[in-house]
Amino acid sequence: MGIKGLAKLLSDEAPDCIREVELKSLHGRKIAIDASMAIYQFLIAVRSGGPNQQATMLTNAEGETTSHIQGMFNRTIRYMTEGIRPVFVFDGKPPDVKSHELIKRREKREKAQAALAVASEEGNVEEQDKQSKRLVRAGTKENEDCRKLLTLMGVPVVTAPCEAEAQAAALCKAGLVYATGTEDMDALTFATPILVRKLTFANASKSMVQTMNYNKVIEGLAISHDQFVDLCIMLGCDYCDTIRGVGPKTALKLIREHGNIEKVIETIDRKKFVVPESWVPNEKKLDAQSDDDDEEGVESPSKEENNGIVDTEELIPAYVQARKLFNEHEVLNDIELKWKPCQAEDLQKFLVDDMGFNVDRVKNNIEKLQAAYKANSKPQTRMDSFFAVKANPNAAKSAAKRKADAAKAKAAVSKKKTKKH
DNA sequence: ACTCTGAGTCAAGACGGC
DNA sequence: CTAATTGACTCAGAGT
DNA sequence: GCCGTCC
Numbered sequence: 001m002g003i004k005g006l007a008k009l010l011s012d013e014a015p016d017c018i019r020e021v022e023l024k025s026l027h028g029r030k031i032a033i034d035a036s037m038a039i040y041q042f043l044i045a046v047r048s049g050g051p052n053q054q055a056t057m058l059t060n061a062e063g064e065t066t067s068h069i070q071g072m073f074n075r076t077i078r079y080m081t082e083g084i085r086p087v088f089v090f091d092g093k094p095p096d097v098k099s100h101e102l103i104k105r106r107e108k109r110e111k112a113q114a115a116l117a118v119a120s121e122e123g124n125v126e127e128q129d130k131q132s133k134r135l136v137r138a139g140t141k142e143n144e145d146c147r148k149l150l151t152l153m154g155v156p157v158v159t160a161p162c163e164a165e166a167q168a169a170a171l172c173k174a175g176l177v178y179a180t181g182t183e184d185m186d187a188l189t190f191a192t193p194i195l196v197r198k199l200t201f202a203n204a205s206k207s208m209v210q211t212m213n214y215n216k217v218i219e220g221l222a223i224s225h226d227q228f229v230d231l232c233i234m235l236g237c238d239y240c241d242t243i244r245g246v247g248p249k250t251a252l253k254l255i256r257e258h259g260n261i262e263k264v265i266e267t268i269d270r271k272k273f274v275v276p277e278s279w280v281p282n283e284k285k286l287d288a289q290s291d292d293d294d295e296e297g298v299e300s301p302s303k304e305e306n307n308g309i310v311d312t313e314e315l316i317p318a319y320v321q322a323r324k325l326f327n328e329h330e331v332l333n334d335i336e337l338k339w340k341p342c343q344a345e346d347l348q349k350f351l352v353d354d355m356g357f358n359v360d361r362v363k364n365n366i367e368k369l370q371a372a373y374k375a376n377s378k379p380q381t382r383m384d385s386f387f388a389v390k391a392n393p394n395a396a397k398s399a400a401k402r403k404a405d406a407a408k409a410k411a412a413v414s415k416k417k418t419k420k421h
């Protein structure tokens, strides 16, 4: 779910953090990309069969889906051709806190499955199509396929211990890549210095992309990093519920006024704004002892499950856990990213023999890939780096700020290192 | 009248020949 | 031993 | 630019 409404909030309240730039301006850059998200989109979008007939995924002779391979292969070659060196980051295990959210998704999925069955019976092709898209998921098989493909292409692959966005942000903070390429606004909460959106080629003619600058987010909103994380939690993230009645506008106002979630909870009128129980687990315990004005019938069963975990040892409020996930997310620290020449022979075998791709097309694409690799591995001299300092009128000011931020980032990293086990 | 929230729904790639 | 997205848009309704 | 095709 990312962070609900963050993109819009930023464009309203901190417009300077967003820039529309030409794709060209990313020439020579390394960019970390969330692989699972890309795969998911390919599985949904790359289909054959026009209107009025059941859309179907592309498949090889064995009937295995190849849509994601097709998409990933083309897009990666396109990146390389544009002078962008991608590194694909795969998801690891989702954090425990997310399981509540995942249960909800599974229920939705089961609903879609039922709806699909009905639609099939009625022969309603349009409805079948819609429901089948809701059932799409990027599973282990698809992830493995893409890992193999990318490795054969000589493109680095990183498997995150946990969430891909957090790992991508870490790569960016460490200076191993220029930016995180994603549509998921979570990456900003993980404090990726640069986020690139719309990094797709749907509009090949215009080829504009959008960048978001983390420092400018902080500057524009006029809050600290910790406050920004609290703001994101209040907007709504995957890790916990939100305060009912508080949306983007109010959340920003409250954080600016009170500084953090603890103070917000203390201050606001809790009759008007209902704070989730999981945010105040200690209070809940007291309530249960003294008197309960709760209606028992209305209590949802999912909440009970949640308490099962919380009651035993954790009296840690859910938003504190969420904070921790954003600030100390488990990531790999010492990574080397290497772009190698593709293994042309094996790559061709994989695509043609295993996946049923057209030989000529594959050969042609491999040549493109090799040419792009060669061009990219020449010593890089980004033209703009020569006069970047002069171009910025606030150079001194922002340089000082960068320094301060770098120091902060460093502190955060070393903290992480002590935590890792 | 205006502002805001929240629930629901939708759509989602890339190439090449013309 | 399974599963694993997300943002944009619209519209109704509540609160101010 | 639109539209069929990729597998």
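Per the UniProt record's numbering, residue 1 is the first one in the first sequence, and the count goes up by one each step.
Even for Gly, the Cβ is constructed at its ideal location relative to N, Cα and C.
The C-beta of Asn333 has fewer than 16 other C-beta atoms within 10 Å across all chains shown, which makes the residue exposed.
By the Cβ-count criterion, Pro86 is buried, with 16 or more other Cβ atoms from all chains shown falling within 10 Å of its own Cβ.
Judged by DSSP secondary structure, Asp34 falls within the beta strand (DSSP E) whose first and last residues are 30 to 34. By the beta-carbon neighbour count (other beta carbons within 10 angstroms, threshold 16), Glu330 is buried.
Between the alpha carbons of Glu328 and Glu183 lies a distance of about 22 angstroms. Approximately 6 angstroms separates the beta-carbon atoms of Val362 and Gln348; this is inside 8 angstroms, confirming the contact. In terms of CA proximity to Ala61, Val352 leads the group Val352, Leu369, Pro379. Between Val46 and Ala168, the CB-CB gap reaches or exceeds 8 angstroms. Straight through space, the alpha carbons of Ala55 and Ala115 are spaced by roughly 17 angstroms.
The beta-bridge partner set that DSSP reports for Val89 consists of Asp34, Val158. A distance below 8 angstroms separates the beta carbons of Val275 and Ile265. Residue range 140 to 153 is occupied by the alpha helix (DSSP H) that includes Asn143. Collapsing the DSSP output to three states places Met80 in a helix. Following the DSSP letters along the chain, one finds Val320 in no beta strand (DSSP E) but inside the alpha helix (DSSP H) bounded by residues 318 to 327. Distance from Phe228 to Arg78 at the Cβ level is roughly 33 angstroms; contact not present, criterion being Cβ atoms closer than 8 angstroms.
Judged by their CB atoms, Ala32 and Leu171 are nearer to each other than the 8 angstroms cut-off. In this structure Ala187 is in contact with Leu195, their Cβ atoms being roughly 5 angstroms apart against a cut-off of 8 angstroms. When the Cα atoms are used, Lys30 and Leu176 turn out to be separated by approximately 8 angstroms. In the DSSP assignment, Leu369 forms no beta bridge with any residue. Counting the other Cβ atoms within 10 Å of the Cβ of Gly245 gives fewer than 16, which makes it exposed. Three or more Cβ pairs closer than 8 angstroms define a contact, and the region 9 to 21 falls short of that threshold against the region 130 to 148.
The C-alpha of Lys271 is placed about 49 angstroms away from the C-alpha of Lys141. Ranked by Cα distance from Pro156, the options Leu254, Met80, Ser25 are led by Met80. Rounded to the nearest angstrom, the gap between the Cα atoms of Ile335 and Leu369 is 24 angstroms.
Membership of Leu195 in the beta strand (DSSP E) is indicated by the continuous run 194 to 197. When DSSP reads this structure, Glu22 sits in a beta bridge with Met208.
In chain order, Asp184, Met185, Asp186 place their CB closer than 6 angstroms to the CB of Gly2, counting only its own chain and leaving out the 5 sequence neighbours on each side.
8 angstroms or more divides the Cβ of Leu102 from the Cβ of Pro95.
Rounded to whole angstroms, Asp230 and Val359 show a C-alpha spacing of 53 angstroms.
In the three-state reduction of the DSSP assignment, Val264 falls in the helix class, which pools H, G and I. Ala191 and Tyr214 do touch by the CB rule: their CB atoms are close to 6 angstroms apart, below 8 angstroms. Each residue's CA atom was taken as its position, placing Leu23 and Thr211 some 10 angstroms apart.
Take the alpha-carbon of Gly259 and the one of Lys249: they are about 15 angstroms apart.
Distance between Ile261 and Val136, taken at the CA atoms: about 37 angstroms. If the five residues before and after Leu58 are omitted, its C-beta is found closer than 8 angstroms to the C-beta atoms of Val46, Arg47, Ser48, Thr65, Thr66, Ser67, Gln70, all from its own chain and listed in chain order. When C-alpha distances from Glu82 are compared across Glu126, Val209, Met234, the shortest belongs to Val209.
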